[in-house]
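K.L.:
What follows is a single structure, and I will ask about it in a moment.
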Amino acid sequence: IRFLLTSLIYTAILLATVNAVGAEEDANPHAIKPFAVTIHIGSTNKADAQQRIDAFLDTANKHFGAAGISFAQSEVNILPDDFAVLENIRERHKLKKHFVRNTINVFLVDEIQDPNPSAATRKAARWQGRKPSGRLGGAHIPYDNKKPNTYIILSRQTSRLALTHELGHFFGLPHSKDP
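If you're matching positions, the sequence shown starts at 37 in this note's numbering and goes up one per residue.
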């Protein structure tokens, strides 16, 4: 856990290209300002989408807080209902056209189907003693030549911990057996 927190602090400092939210001066001049998070809602159930996002961010802030890292929603974009169910990797990559530079992009959709699991997905499932289910709770998608160079997709049906997990990947951490 100490290694994880040290790695996260180091990575957070290196990710200075991601704009911080909030202009207020903190009493601690060494405090890290919250990372800006742009939320993209591709769910057909928009009524409770903000509540789900708040729960994801609250959980992430609790887990990353020990490392002095926090996240704050900077804007919300409503996507067409066509993005509610992502049926394959090609559809996950179509979200790139909605990418906002210099912020952490999080896409909330109803469902992420995974008919052809990647090697990383198969490996992560094996570590947990499982087989890929054909559905994902979350994913991080590389986006070359952009800052930051990845974006996050979450299914509405996933655990509150999913954003925390995907943010670990955002900061460059691989899967680990150490929770």
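The C-beta atom is built at its ideal place from N, Cα and C for all residues, glycine as well.
Along the beta strand (DSSP E) that carries Gln87, what are the first and last residues, could you check?
P.N.:
Looking at the DSSP string, Gln87 is not in any beta strand (DSSP E); the run it does join, the alpha helix (DSSP H), is 85 to 100.
K.L.:
Considering only DSSP beta bridges, list what His76 is partnered with.
P.N.:
Answer is Asn113, Phe143, bridged to His76.
K.L.:
For Arg196, does the three-state DSSP call read helix, strand or coil?
P.N.:
It is coil, neither helix nor strand.
K.L.:
Per the DSSP calculation, Asn191 is bridged to which residue(s)?
P.N.:
The sequence given here places Ser at residue 191; Asn does not occur at that position. Paired residues: Val145.
K.L.:
Rounded to the nearest angstrom, what separates His76 and Gly104 at their Cα positions?
P.N.:
Rounded to the nearest angstrom, the two C-alpha atoms are 25 Å apart.
K.L.:
When the distance is taken between beta carbons, is Gly170 closer than 8 Å to Leu190?
P.N.:
Result no, Cβ atoms of Leu190 and Gly170 do not sit closer than 8 Å.
K.L.:
If you follow the beta strand (DSSP E) that Ile177 is in, where does it begin and where does it stop?
P.N.:
From DSSP, the beta strand (DSSP E) with Ile177 extends over 174 to 178.
K.L.:
Tell me which same chain residues have a C-beta within less than 7 Å of the C-beta of His134, skipping the five on either side of it?
P.N.:
The answer, listed in chain order, is His76, Asn113, Leu115.
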